[in-house]
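Here is the structure we will look at, set down as structure tokens.
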Amino acid sequence: MDTQFKKGVLEIGVLSLLQQKDYYGYELVQIISKTIEISEGTLYPLLRRLKKEGFLKTYLKESKEGPSRKYYQLTNKGKEKAKKMKTEWKEFVKKIEKILK
Amino acid sequence: MTTKKQFMSELKKNLKSLSKEDREEIIEDYEEHFDVGKKKKRTEADIAKSLGKPKQLAKQAKAELLVSKAEKKKSFKNIWKAIFATIGLSFFNLIVMLGPFIAMFAIVISFFAAGFAIAMSGLALVVAAFLPLEFFYIPAFNHLAMFFGGIGLVCLGILFCIGTWYIGKGFSILTIKYIKLNIRIISGEKE
Chain A
4 MDTQFKKGVL EIGVLSLLQQ KDYYGYELVQ IISKTIEISE GTLYPLLRRL KKEGFLKTYL
64 KESKEGPSRK YYQLTNKGKE KAKKMKTEWK EFVKKIEKIL K
Chain B
11 MTTKKQFMSE LKKNLKSLSK EDREEIIEDY EEHFDVGKKK KRTEADIAKS LGKPKQLAKQ
71 AKAELLVSKA EKKKSFKNIW KAIFATIGLS FFNLIVMLGP FIAMFAIVIS FFAAGFAIAM
131 SGLALVVAAF LPLEFFYIPA FNHLAMFFGG IGLVCLGILF CIGTWYIGKG FSILTIKYIK
191 LNIRIISGEK E
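The listed protein sequences derive, respectively, from chains A and B. Per this note's numbering, the first sequence starts with residue 4, numbered consecutively. Per this note's numbering, the second sequence starts with residue 11, numbered consecutively.
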């Protein structure tokens, strides 16, 4: 898949996953890299940026298997952004599909 | 074959210029990634390989941080640093980033120069208004017209410079947006 294309969907992918539940970094990376072929390390800068811009917050939670993990959670601002991006995305896809037919 | 230790030391080496806080956050993210991956029975080499090159990841992290810094405080120095860090991400960026920035910078500088020149010529006219008219050998000149014309030109020049200031501000906002777009496009490449 085209690189520019991938970058655009990463953000919406992360926000949308976090709408359902909180994830820790490794989980998020695995889910996303299964669908979108990216090097796994590149997702962390995106997560840090989204956190810096106030769309995400993080908290530490103990895990059964070892040290505590950093979980990512949407802030209110992030929830709004996720909703908005998804609507825009769906409208966009609809328009493109019309052309592709 | 890269081990976790090799990966982390390469990453740390390339993050030296960052603040301790930023550096630790970045390192912790990848440490955790390795730890969880190992719990899932993956080898260190496999995890390192799918993470990507630590040097490139460090560059990307640095570029992101410098851009958000430039966004908060849009000084020439911060924007320049952000551009430089983004250029470091790939050769392609050298042309794509530097070209438009230099063009915009040149426009702002030349507009300032034009404004300054207009103001200076006005100032010269104001000074000239106090000299005897014979000095110019142009009898049609009139002291009063020269004086007010000069003041008008000075005002025009100053207005020009103020306008340019806002143009420059707009350009810096545009530049930062453009850098961000570039980082997002370029850093997703899988090696």
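No residue lacks a Cβ here, since even glycine has one placed at the ideal position from N, Cα and C.
Output needed for residue i: all residues of its chain with C-beta closer than 8 Å, excluding positions within five of it in sequence on either side, in chain order.
i: ILE35 of chain A; result: LEU13, GLY16, VAL17, LEU20, ILE41, LEU46
i: LEU50 of chain A; result: VAL17, GLY28, LEU31, LEU59, TYR75
i: MET156 of chain B; result: LEU135, VAL136, ALA138, ALA139
i: ARG52 of chain B; result: none
Quick one: Cα of residue i to Cα of residue j, how far?
i: GLN16 of chain B; j: ASP25 of chain A; result: 31 Å
i: GLU42 of chain B; j: LYS49 of chain B; result: 11 Å
i: MET4 of chain A; j: ILE97 of chain B; result: Model confidence at MET4 of chain A stands at a pLDDT of 49, short of 50, so the residue's coordinates are unreliable; what they give is reported in the following sentence. One C-alpha to the other measures close to 24 Å.
i: PHE95 of chain A; j: SER182 of chain B; result: 30 Å
i: GLN66 of chain B; j: MET11 of chain B; result: 17 Å
i: GLU100 of chain A; j: LYS93 of chain A; result: 11 Å
i: ILE105 of chain B; j: LEU191 of chain B; result: 15 Å
i: LYS82 of chain B; j: LYS26 of chain B; result: 22 Å
i: GLN70 of chain B; j: GLY162 of chain B; result: 51 Å
i: GLY69 of chain A; j: GLU38 of chain B; result: 15 Å
i: ARG33 of chain B; j: ILE193 of chain B; result: 19 Å
i: LYS82 of chain A; j: SER131 of chain B; result: 57 Å
i: ARG52 of chain A; j: ALA123 of chain B; result: 38 Å
i: PRO142 of chain B; j: VAL164 of chain B; result: 22 Å
i: GLU31 of chain B; j: LEU166 of chain B; result: 49 Å
i: MET107 of chain B; j: ALA68 of chain B; result: 20 Å
i: LYS97 of chain A; j: LYS54 of chain A; result: 30 Å
i: PHE241 of chain B; j: TYR176 of chain B; result: Residue 241 of chain B cannot be examined here, being either before or after the span of chain B that is shown, 11 to 201.
i: GLU54 of chain B; j: LYS104 of chain A; result: 46 Å
i: PHE44 of chain B; j: LYS67 of chain A; result: 17 Å
i: GLU91 of chain A; j: ILE102 of chain A; result: 17 Å
Counting only the same chain and skipping the five closest in sequence on each side, list residues whose C-beta sits under 7 Å from that of residue i.
i: SER71 of chain A; result: LEU63, LYS64, GLU65
i: GLU201 of chain B; result: Legend: pLDDT at GLU201 of chain B = 40, less than 50; position of this residue unreliable, value from coordinates given subsequently. Excluding positions up to five away in sequence, the list reads GLY62, LYS63.
i: THR78 of chain A; result: GLY57, PHE58, LEU59, LYS60
i: LYS73 of chain A; result: TYR27, GLY28, THR61, LEU63
i: LYS80 of chain A; result: GLY57, PHE58
i: GLU20 of chain B; result: PRO64, LYS65
i: MET88 of chain A; result: ILE15, LEU18
i: LEU28 of chain B; result: LYS72, LEU75
i: LYS22 of chain B; result: ILE37
Excluding the 5 residues preceding and the 5 following residue i in the sequence, name in chain order all residues of the same chain whose CB lies nearer than 6 Å to its CB.
i: GLN22 of chain A; result: ALA85
i: ALA80 of chain B; result: ASN88, ILE89, ALA92, ILE186
i: PHE121 of chain B; result: THR174
i: GLU199 of chain B; result: Below a pLDDT of 50, predicted positions are generally treated as unreliable, and GLU199 of chain B, at 49, falls in that range; the measurement from the model is reported next regardless. Within the same chain, GLU199 of chain B has no close Cβ partners at all.
i: GLY47 of chain B; result: ILE57
i: GLU43 of chain A; result: VAL32, SER36
i: HIS153 of chain B; result: ALA139
i: LYS84 of chain B; result: SER182
For residue i, which of the options has the nearest alpha-carbon?
i: LYS14 of chain B; options: B:ASN24, B:LEU25, B:LYS59; result: B:LYS59
i: TYR188 of chain B; options: B:GLU38, B:VAL77, B:MET11, B:ARG52; result: B:VAL77
i: PRO48 of chain A; options: B:ALA73, B:LEU184, B:GLY160, B:ASP45; result: B:ALA73
i: TYR40 of chain B; options: B:LEU28, B:LYS51, B:LEU25, B:MET18; result: B:MET18
i: PHE111 of chain B; options: B:PHE126, B:PHE94, B:ALA123, B:ALA127; result: B:PHE94
i: ILE36 of chain B; options: B:LEU75, B:SER85, B:CYS171; result: B:LEU75
i: ALA127 of chain B; options: B:SER85, B:GLU54, B:PHE170, B:GLY109; result: B:PHE170
i: LEU133 of chain B; options: B:GLY160, B:HIS153, B:ALA113; result: B:GLY160
i: ASN24 of chain B; options: B:SER85, B:LEU99, B:PHE44, B:TYR176; result: B:LEU99
i: GLY180 of chain B; options: B:PHE86, B:LEU154, B:PHE44; result: B:PHE86
i: LEU184 of chain B; options: B:MET114, B:LEU154, B:ASN152; result: B:MET114
i: GLY125 of chain B; options: B:ILE172, B:LEU28, B:ALA55; result: B:ILE172
Would you please state the rounded distance, in angstroms, between the beta carbons of residue i and residue j? I believe it to be under 8 Å.
i: VAL137 of chain B; j: GLY178 of chain B; result: Contact doesn't hold; Cβ gap of about 30 Å is too wide.
i: ALA129 of chain B; j: ILE168 of chain B; result: 6 Å
Name the chain D residues whose beta carbon is nearer than 9 Å to that of residue i?
i: SER19 of chain B; result: The question asks about chain D, but that chain is absent: this structure's protein chains are A and B.
Would you say the beta carbon of residue i comes nearer than 7 Å to a heavy atom of the ligand GDP?
i: PHE111 of chain B; result: No copy of the ligand GDP occurs in the structure displayed, which carries no ligand at all.
Problem - Within 7 Å of chain A by C-beta, residues of the stretch 45-74 of chain B in sequence order - result: ASP45, VAL46, GLY47, LYS49, SER60, LEU61, GLY62, LEU67, GLN70, ALA71, GLU74
Exercise for the section: Could you run through the stretch 23-45 of chain B and flag, in chain order, every residue whose CB is less than 8 Å away from some CB of chain A? Expected result: GLU35, ILE36, GLU38, ASP39, TYR40, GLU42, HIS43, ASP45
Handout entry: the stretch 26-42 of chain A: positions lying closer than 9 Å to chain B by Cβ
Key = TYR27, GLY28, TYR29, GLU30, VAL32, GLN33, SER36, ILE39, GLU40, ILE41, SER42
Practice task
Output, in sequence order along the chain, the residues in the stretch 64-90 of chain A whose CB is closer than 8 Å to any CB in chain B.
Solution key: GLU68, GLY69, PRO70, ARG72, LYS73
Practice task
Would you list, in chain order, the members of the stretch 78-93 of chain B that have their beta-carbon closer than 8 Å to a beta-carbon of chain A?
Solution key: The stretch 78-93 of chain B vs chain A, Cβ under 8 Å: SER78.
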